Amino acid sequence: MKLAIKLAIRNLIGAGLRTWLNVIVLSFSYVIIIWMNGVMIGWEEQAKHDMKDWQIGGGQYWHQEYDPYDPFTINDSHAIIPNEFADEIAQGDMVPILIVQGTIYPQGRMQSIAIKGISSNQSLFKQPTNKLDTVVDGLPAIIGAMMAKDLGISKGDYLTLRWRDVNGTFDATEIHIVDVFASNVPAIENAQIYIALEKLQEMTLLPDHATILTFSDQKKERVKVDGWVLKTTETLTKSVDDLIKTKTSGLTIFYFILILLAMLAIFDTMVLSIFRRQKEIGTYVALGYTRGEVVGLFTVEGAMYSIFAALVGAAYGLPFLAWQAKAGWTMPIDVSELGMAIAQTLYPVYSFGLVVSTILIVVITTTIVSYWPSRKIAKMNPTEALRGKIQ
Amino acid sequence: MEIIQINNLTKRFPMGKGEFTALKGINLTLNKGEFTGLIGPSGSGKTTLLNIVGSLDVPSDGEAFVLGNSIGKLNTKQAAKLRKENLGFIFQSYNLLQVHTVYENVEFPLLLLSLPASERRKMVMDALEWVGLTDKVNSKPPQLSGGECQRVAIARAMVKKPSLVLADEPTANLDAANSHNILKTMETLNRELNTTFLFATHDEKVINYLHRKIFLLDGKVDNDEIVKSN
Numbered sequence: 013m014k015l016a017i018k019l020a021i022r023n024l025i026g027a028g029l030r031t032w033l034n035v036i037v038l039s040f041s042y043v044i045i046i047w048m049n050g051v052m053i054g055w056e057e058q059a060k061h062d063m064k065d066w067q068i069g070g071g072q073y074w075h076q077e078y079d080p081y082d083p084f085t086i087n088d089s090h091a092i093i094p095n096e097f098a099d100e101i102a103q104g105d106m107v108p109i110l111i112v113q114g115t116i117y118p119q120g121r122m123q124s125i126a127i128k129g130i131s132s133n134q135s136l137f138k139q140p141t142n143k144l145d146t147v148v149d150g151l152p153a154i155i156g157a158m159m160a161k162d163l164g165i166s167k168g169d170y171l172t173l174r175w176r177d178v179n180g181t182f183d184a185t186e187i188h189i190v191d192v193f194a195s196n197v198p199a200i201e202n203a204q205i206y207i208a209l210e211k212l213q214e215m216t217l218l219p220d221h222a223t224i225l226t227f228s229d230q231k232k233e234r235v236k237v238d239g240w241v242l243k244t245t246e247t248l249t250k251s252v253d254d255l256i257k258t259k260t261s262g263l264t265i266f267y268f269i270l271i272l273l274a275m276l277a278i279f280d281t282m283v284l285s286i287f288r289r290q291k292e293i294g295t296y297v298a299l300g301y302t303r304g305e306v307v308g309l310f311t312v313e314g315a316m317y318s319i320f321a322a323l324v325g326a327a328y329g330l331p332f333l334a335w336q337a338k339a340g341w342t343m344p345i346d347v348s349e350l351g352m353a354i355a356q357t358l359y360p361v362y363s364f365g366l367v368v369s370t371i372l373i374v375v376i377t378t379t380i381v382s383y384w385p386s387r388k389i390a391k392m393n394p395t396e397a398l399r400g401k402i403q
Numbered sequence: 008m009e010i011i012q013i014n015n016l017t018k019r020f021p022m023g024k025g026e027f028t029a030l031k032g033i034n035l036t037l038n039k040g041e042f043t044g045l046i047g048p049s050g051s052g053k054t055t056l057l058n059i060v061g062s063l064d065v066p067s068d069g070e071a072f073v074l075g076n077s078i079g080k081l082n083t084k085q086a087a088k089l090r091k092e093n094l095g096f097i098f099q100s101y102n103l104l105q106v107h108t109v110y111e112n113v114e115f116p117l118l119l120l121s122l123p124a125s126e127r128r129k130m131v132m133d134a135l136e137w138v139g140l141t142d143k144v145n146s147k148p149p150q151l152s153g154g155e156c157q158r159v160a161i162a163r164a165m166v167k168k169p170s171l172v173l174a175d176e177p178t179a180n181l182d183a184a185n186s187h188n189i190l191k192t193m194e195t196l197n198r199e200l201n202t203t204f205l206f207a208t209h210d211e212k213v214i215n216y217l218h219r220k221i222f223l224l225d226g227k228v229d230n231d232e233i234v235k236s237n
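Top line first, the protein sequences correspond to chains A and B. Numbered by the numbering used here, the letters in the first sequence go through residues 13 to 403 in order. Numbered by the numbering used here, the letters in the second sequence go through residues 8 to 237 in order.
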């Protein structure tokens, strides 16, 4: 094996441009696969991180009736905040949110929204709820930049807000947009406004009621409370996992095509090598190699392309990947319209496992692709190979 | 001491629906240190006989013993071991590894024998000195003349000091001056190292150097004459 590697290196370096063309093509595969996977992992980490910061914290309790995908459940999705959580809420480690349906009328149009009542002094979420603790004309409210852009609303605007209390009675007031915040999480921006929790409880005649209780410490043991369903971060980020999994599956086809192109180049080179190097094959046998050992030599030679490609890929890929990890990749389209928890600039994250698995996949594939045509050598007649006769 | 013993050897090749008999009932004995040639026109069977002696092919009938090994009974690994340890080959078109340097070409048989690097270096330099190519160690075959290439091939065949060197038309691609140089080198190595040489040739220049001439005609030994004793 050691001799085969030594000879393979000599043969490949001696083959000059032909070797380097294959190596460069294959090195692109390495760098692109690692970079794209890095972007996906970076996106996953960013999406989950942003969701924790803006939407789900360290986990949540949902009122048993609450289903964010069924608007008909919202009016009944509330209950008095359980006493079991009073201490945690008082310490600021748990934040209650009351959600009711409402309607706003921006520029004379009617827009259904969710009104979220949230404590103005909470620090668990990044929403600037402290801005709600102010005295202005109208009811202070904050909204996300995505909705502000869609509806043409700006900071300082006044809007009419209509809602129904617990008895079904309609009421309306004027809200004052005291701040517009930007996040990467459409789920907390689109079609919703934030006002002070106490105010919403008063408006809906639901004192001490909440729909969702978000906590910061996911490891803390809590008692089971009737009427409230625990949602862990794993459950709450499952949609992101599913989305990334779907995207990754799609990219796998791209990786397959990328590797296939590189493998075609190597397969073609190996077939051509065996065709052109008949005399050399015969010489190896005459000098004391068995045909099986010559098959091994050619297979190792093919496999060495992937090793060379890893080295060449590292030479230009490492600086590129490191730069990307630092500078990030800014997507050319406005991601706020995609409806996914995705930042405009994604920062690729590369794990040791990602790099090793990519190299292993390429090395194994290259070895198989090299062995395939090399098997022909085992059937060659060495005396005819020595004369360079095509077999 | 007998190096080669051939008894009633026949070699047939499939040809179309029938067979072509390349060698018919060959009987030969070669002793250590001989400088012998198989002489004959194209198709007389000299290369076929050389290939069988070199364990690259096997007899159809009869037996060929090389250094005590019955060629027909060796498996591929045993045949490869025989070639690796005891045989040297010189070919008409040199068959050098084109992308390797002169040094690497000559070193190759020693790599197969797994000799240590320092021993390999000494043996390669000795072999290159025999053929007068110590100034070309880093050249590659495309940078050498035909005569130089054949001298590299001789060095490669001789570097491990094999018991038997098989040379198939070694001067066919060389001019007269280069042919004489090559043959003188081989004759010197034969004399100084007592290596047995077996040529397959129809080149008059080679024939004039041979100590024993075995004439083949239509796959049979037509004449066997010793012209110079070793």
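We treat Cβ as the ideally placed atom computed from N, Cα and C, and that holds for glycine. Quick caveat, the model's predicted, so the values are computed rather than measured.
Proximity to residue i [Cα-Cα], best of the options
i: A:Asp177; options: A:Leu171, A:Leu151, A:Gln113, A:Thr311; result: A:Gln113
i: A:Ser228; options: A:Arg174, A:Met63, A:Val312, A:Gly308; result: A:Met63
i: B:Leu120; options: B:Asp142, B:Ala87, B:Ile97, B:Glu176; result: B:Ala87
i: B:Ile161; options: B:Glu70, B:Ser125, B:Ser100, B:Glu211; result: B:Ser100
i: A:Ala87; options: A:Ser135, A:Gln336, A:Leu217, A:Ile256; result: Checking the sequence shown, residue 87 of chain A turns out to be Asn, not Ala. Among A:Ser135, A:Gln336, A:Leu217, A:Ile256, the Cα nearest to that of A:Asn87 is on A:Leu217.
i: B:Lys168; options: B:Ile13, B:Phe204, B:Asp175, B:Lys191; result: B:Phe204
i: A:Val148; options: A:Ala298, A:Glu305, A:Ile187; result: A:Ile187
i: A:Leu171; options: A:Asn133, A:Ile125, A:Leu15; result: A:Ile125
i: A:Ile111; options: A:Ile271, A:Leu273, A:Ser131; result: A:Ser131
i: A:Thr226; options: A:Gly69, A:Ala16, A:Gln204, A:Ala27; result: A:Gly69
i: A:Asn179; options: A:Gln72, A:Leu333, A:Met215, A:Val367; result: A:Met215
i: B:Gly61; options: A:Gly300, A:Val367, A:Gly365; result: A:Gly300
i: A:Glu77; options: A:Thr302, A:Gln67, A:Phe84, A:Ser89; result: A:Ser89
i: B:Val159; options: B:Leu171, B:Gly52, B:Leu140; result: B:Leu140
i: B:Glu155; options: B:Leu37, B:Asp229, B:Glu136; result: B:Glu136
i: B:Thr102; options: A:Ala355, A:Asp183, A:Lys291; result: For the record, residue 102 of chain B in the displayed sequence is Asn; it is not Thr. Answer by Cα proximity: A:Lys291.
i: A:Leu366; options: A:Ile44, A:Ala91, A:Ala98; result: A:Ile44
i: A:Ile127; options: A:Ile155, A:Glu233, A:Thr260; result: A:Ile155
i: A:Leu333; options: A:Lys14, A:Ile25, A:Tyr42, A:Leu15; result: A:Tyr42
Neighbour-count burial assignment, residue i, 16 or more Cβ in a 10 Å radius
i: A:Leu284; result: exposed
i: B:Asn185; result: buried
i: B:Pro149; result: exposed
i: A:Ile345; result: exposed
i: A:Lys401; result: exposed
i: B:Arg198; result: exposed
i: A:Thr258; result: exposed
i: A:Arg288; result: exposed
i: A:Tyr296; result: buried
i: B:Leu57; result: buried
i: A:Gln412; result: A question about residue 412 of chain A goes unanswered here, because the residues of chain A that appear run from 13 up to 403.
i: A:Asn49; result: buried
i: A:Asn196; result: buried
i: A:Trp55; result: buried
Chain A residues whose Cβ lies nearer than 8 Å to that of residue i
i: B:Gly153; result: Those do not exist, as B:Gly153 stays about 16 Å from chain A at its closest Cβ, beyond 8 Å.
i: B:Asn102; result: Lys291, Glu292, Gly294, Thr295, Ala298, Leu398
Beta-carbon neighbours of residue i, restricted to chain B and to distances below 7 Å
i: A:Gly26; result: Val106, His107
i: A:Thr395; result: Asn58, Leu63, Asp64
i: A:Asn196; result: Near A:Asn196 there are no residues of chain B at all, since even the closest Cβ is about 55 Å away, more than 7 Å.
Beta-carbon neighbours of residue i, restricted to chain B and to distances below 8 Å
i: A:Leu323; result: The contacting residues do not exist; A:Leu323 stays about 19 Å from chain B at best.
i: A:Arg30; result: Simply none; closest approach about 11 Å.
Under 9 Å from the C-beta of residue i: neighbouring residues of chain B
i: A:Leu15; result: Leu118, Leu119, Ser121
i: A:Asn23; result: Leu104, Val106, His107
Task: Contact the region 34-46 of chain B vs the region 216-224 of chain B: 3+ CB pairs below 8 Å - done: Segment contact: the region 34-46 of chain B against the region 216-224 of chain B, three or more CB-CB distances shorter than 8 Å; contact assigned.
Open item on the list: Check whether the region 302-310 of chain A and the region 374-394 of chain A are in contact - that is, three or more C-beta pairs closer than 8 Å.
Closed with: yes
Open item on the list: Using 8 Å as the cut-off, can you tell me whether the region 204-219 of chain A makes contact with the region 107-123 of chain A, which would need three or more C-beta pairs spanning the two stretches below that distance?
Closed with: yes
Task: Given 8 Å, three or more beta-carbon pairs between the region 17-34 of chain B and the region 358-371 of chain A - done: no
Open item on the list: Closer than 8 Å between beta carbons: that is the criterion. Which residues of the region 279-303 of chain A meet it against chain B?
Closed with: Residues of the region 279-303 of chain A with a C-beta less than 8 Å from any C-beta of chain B: Lys291, Glu292, Gly294, Thr295, Val297, Ala298, Leu299, Gly300, Tyr301, Thr302, Arg303, listed in chain order.
Open item on the list: Counting only Cβ-Cβ distances shorter than 7 Å, please list the residues of the region 107-124 of chain B near chain A, keeping chain order.
Closed with: His107, Glu111, Phe115, Pro116, Leu118, Leu119
Open item on the list: Output needed in chain order: residues of the region 77-99 of chain B with a Cβ under 7 Å from some Cβ in chain A.
Closed with: Thr83, Lys84, Ala87, Arg90, Lys91, Phe96, Phe98
- [ ] Identify each residue in the region 360-391 of chain A for which the Cβ-Cβ distance to at least one residue of chain B is less than 8 Å, and report them in chain order.
- [x] none
Open item on the list: Does the structure place the region 314-332 of chain A close enough to the region 25-40 of chain B that three or more beta carbon pairs sit under 8 Å?
Closed with: no
- [ ] Output, in sequence order along the chain, the residues in the region 33-46 of chain A whose CB is closer than 7 Å to any CB in chain B.
- [x] When CB distances to chain B are screened at a threshold of 7 Å, not a single residue of the region 33-46 of chain A falls below it.
Open item on the list: Any contact between the region 190-201 of chain A and the region 240-249 of chain A? By contact I mean 3 or more CB pairs, one from each, below 8 Å.
Closed with: no
Task: Given 8 Å, three or more beta-carbon pairs between the region 327-339 of chain A and the region 20-32 of chain A - done: no
Open item on the list: When you compare the region 157-170 of chain A with the region 30-38 of chain A, are there three or more beta-carbon pairs, one atom per stretch, that lie closer than 8 Å?
Closed with: In this structure the region 157-170 of chain A does not touch the region 30-38 of chain A; the number of beta carbon pairs closer than 8 Å is below three.
Open item on the list: Between the region 177-192 of chain B and the region 8-16 of chain B, can you find at least three pairs of beta-carbon atoms closer than 8 Å?
Closed with: no
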